[in-house]
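For reference, the structure is listed below as structure tokens.
2 protein chains.
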Amino acid sequence: MLSMKAKYGLRALLYLARQQNQEEPVLISELAEKEKIPKKFLELILLDLKNHGLLQSKKGKGGGYLLSRRPEAIKLGRVVRVLDGPIAPLPCASQTAYIPCDECEDEKTCGIRLVMKDVRDATAKILDGTSLADVLRRVEEASTQPAEALTYHI
Amino acid sequence: MLSMKAKYGLRALLYLARQQNQEEPVLISELAEKEKIPKKFLELILLDLKNHGLLQSKKGKGGGYLLSRRPEAIKLGRVVRVLDGPIAPLPCASQTAYIPCDECEDEKTCGIRLVMKDVRDATAKILDGTSLADVLRRVEEASTQPAEALTYHI
DNA sequence: TATTTACTCTATTGATTTAATAGTCTAAAT
DNA sequence: ATTTAGACTATTAAATCAATAGAGTAAATA
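Keeping their order, the protein sequence lines are chains A and B.
Heads up: the first sequence begins at 0 in numbering that gives the first Met the number 0, then just goes up one per residue.
Heads up: the second sequence begins at 0 in numbering that gives the first Met the number 0, then just goes up one per residue.
Spelled out as structure tokens, the structure:
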């Protein structure tokens, strides 16, 4: 389950990705207000994302946050891992944060792990294959297309 | 993330699915001991699974739990939903337990939802497509196959 | 039918995590 | 020097998770 933290973080990043001038910092206050996110909570989230290299910040007047890379280069998988931790449903099925189960006798033949590894792989494929730019493009498509175009007719 | 509850539940179900005589009840005590699950906690889990139609029970001497259907007919998706709730990473992306976001202005064009729906679909496809019997078969394959057979050679 | 066995049910507890808030500190601009 | 705005640490309230406790009920059998 995606936490509020991750949801807020993604919303903030998408807001930044939508800015026409990607060089110009956006105030935390603006992000908080526009995206309806508790400001103090958002500060922590943005700081976290900054410390993991996804955001840059400028202090003082005219300061704020901006993406540290192009929206095409920021994958949702990275964001989710930073804010919510590993993607795998079980630590023993994680690629980036593997931790063995202590009860597990033989991990190679643990059925639950085998299936959860499939789930991890499928999820990671989607999240690591989707950038902020991809999300914006999909949103654009969804709002441009008339509803009928999305429906199958018999 | 899969909870201990779901993990314990799956382990217990797989234990039952491995029984040669599927008609003969297995004691909670045996399940708890063999699968190293706190007995009292396991009681709650099994009861829950029973109330959702996945298990049957017999009281008194010679009693215990048994699967209420064949191992081929019990899908992991059902088990996980009973013990951990909806599979979707967000309530607004759930098929079986949809709840709209209150902040969301236009759900049809919410990018986060679009992606999380993909994640849900991919996860549900795996979990709803895998039965207890499938898991046992995979475990069997994994433990029978020599290690080399699983490795690609250049 | 008394007794034992074993599941049923409700309540409670402690630990952890989550979401949010408070307040002080530091850097940058004017 | 002053204002602006992010940086950082600590704390708190609520929710969830994992586990435990104990009394109750149904079924078998001696």
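Heads up, the beta-carbon is just placed ideally off N, CA and C, and yes, glycines get one too.
Output needed for Val118(B): all residues of its chain with C-beta closer than 7 Å, excluding positions within five of it in sequence on either side, in chain order. In the second sequence, counting from the first residue as 1, residue 118(B) sits at position 119. Cβ within range, chain order: Pro88.
Opposing strand residues paired with Val25(B) [DSSP bridges]: If you number the second sequence from 1, residue 25(B) lands on position 26. Checking the DSSP bridge columns, you'll see Val25(B) partnered with Tyr64(B).
Among residues of its own chain, excluding the 5 on either side of Pro85(A), which ones have a beta-carbon nearer than 7 Å to its beta-carbon? Position 86 of the first sequence holds residue 85(A). Excluding sequence neighbours, Pro85(A) sits near Ser93, Thr95 and Ala96.
Please confirm if the segment 3-16 of chain B is in contact with the segment 128-137 of chain B, defined as three or more CB-CB distances below 8 Å between the two stretches. yes
Are there three or more Cβ pairs, one per stretch, closer than 8 Å when the segment 66-85 of chain B is compared with the segment 24-33 of chain B? no
Starting from the beta carbon of Glu192(A), find every residue of chain B whose beta carbon is closer than 7 Å, and list them in chain order. Shown here, chain A extends from 0 to 153; a query on residue 192(A) therefore has no answer.
Should Ala155(B) and Thr108(A) be called a contact, given that it needs their Cβ atoms to be closer than 8 Å? A query on residue 155(B) cannot be resolved here, the shown segment of chain B reaching from 0 to 153 and no further.
Between which two residues does the beta strand (DSSP E) harbouring Lys57(A) extend? Sequence index remark: in the first sequence, residue 57(A) carries index 58 (1-based). Its beta strand (DSSP E) spans residues Leu54 to Lys57.
Within 8 Å of any Cβ in chain A, is that where the Cβ of Lys6(B) sits? Residue 6(B) sits at position 7 when you count from the first residue of the second sequence. True, the Cβ-Cβ gap to chain A drops below 8 Å.
Check the Cβ of Pro88(A) against every Cβ in chain B and list those closer than 8 Å, keeping chain order. Start at 1 with the first residue of the first sequence, and residue 88(A) comes out as number 89. Result: Met0 and Leu1.
Residue from Arg68(B), His51(B), Val25(B) and Gly52(B) whose Cα sits closest to the Cα of Lys58(B): Counted from its first residue, the second sequence places residue 58(B) at position 59. Closest option to Lys58(B), Cα to Cα, is Val25(B).
Consult DSSP for Ser2(A) and reduce its assignment to one of helix, strand or coil. Along the first sequence, read from residue 1 onward, the residue named residue 2(A) stands at position 3. Coil.
Starting from Ile36(B), trace the alpha helix (DSSP H) in both directions and tell me its first and last residue. For the purposes of this step, residue 36(B) is taken as the residue at position 37 of the second sequence. First-last for Ile36(B): undefined, no H or E at that position.
On the DSSP bridge assignment, give the partners of Lys155(A) in chain order. Nothing can be reported for residue 155(A), as the shown portion of chain A is limited to 0 through 153.
When you compare only the Cα positions, how much space is there between Val138(B) and Gly110(A)? Here residue 138(B) corresponds to residue number 139 of the second sequence, with the count starting at 1. Here residue 110(A) corresponds to residue number 111 of the first sequence, with the count starting at 1. Whole-angstrom Cα-Cα distance: 5 Å.
Could you tell me whether any Cβ in chain B is nearer than 8 Å to the Cβ of Ser93(A)? The residue given as residue 93(A) occupies position 94 in the first sequence. It does not: the Cβ of Ser93(A) has no partner Cβ on chain B nearer than 8 Å.
Just by C-beta distance, which residues in the segment 132-144 of chain A are closer than 8 Å to chain B? Val134, Leu135, Arg137, Val138, Ala141 and Ser142
Of all the options Thr129(B), Ala11(B), Leu75(B) and Asp127(B), which has the alpha carbon lying nearest to the alpha carbon of Leu45(B)? Here the question's residue 45(B) lines up with position 46 in the second sequence. Comparing Cα positions, the closest option is Ala11(B).
Suppose contacts are defined by Cβ-Cβ distances below 8 Å. Is Lys78(A) in contact with Gly8(A) by that definition? Here residue 78(A) refers to the residue found at position 79 of the first sequence. Here residue 8(A) refers to the residue found at position 9 of the first sequence. It is worth fixing the name first, because residue 78(A) is Val in this sequence and not Lys. Between Val78(A) and Gly8(A), the C-beta gap is smaller than 8 Å, which places the two residues in contact.
Within this structure, are the beta carbons of Ile73(A) and Leu43(A) separated by less than 8 Å? Numbered from 1 along the first sequence, position 74 holds the residue referred to as residue 73(A). Numbered from 1 along the first sequence, position 44 holds the residue referred to as residue 43(A). Not a contact, by the Cβ cut-off of 8 Å.
According to DSSP, is Thr143(A) helix, strand or coil? In the first sequence, the residue the question calls residue 143(A) occupies position 144. Helix at Thr143(A).
Check whether the Cβ atoms of Leu65(A) and Glu22(A) lie closer than 8 Å to each other. Along the first sequence, read from residue 1 onward, the residue named residue 65(A) stands at position 66. Along the first sequence, read from residue 1 onward, the residue named residue 22(A) stands at position 23. Cβ distance < 8 Å, so Leu65(A) and Glu22(A) count as in contact.
Just checking: is the beta-carbon of Lys107(B) within a distance shorter than 8 Å of some beta-carbon in chain A? Locating residue 107(B) in the second sequence gives position 108, where the first residue counts as 1. With 8 Å as the cut-off, Lys107(B) counts as an interface residue toward chain A.
Kindly list, in the order they appear in chain B, the residues whose Cβ is closer than 8 Å to that of Gly110(A). Walking along the first sequence from the start, residue 110(A) turns up at place 111. Correct list: Leu13, Val134, Leu135, Arg137 and Val138.
Nearest-angstrom Cα separation, counted from Glu104(B) out to Lys124(A): For this step, residue 124(A) is matched to residue 125 along the first sequence. For this step, residue 104(B) is matched to residue 105 along the second sequence. Taking the straight line from one Cα to the other gives about 28 Å.
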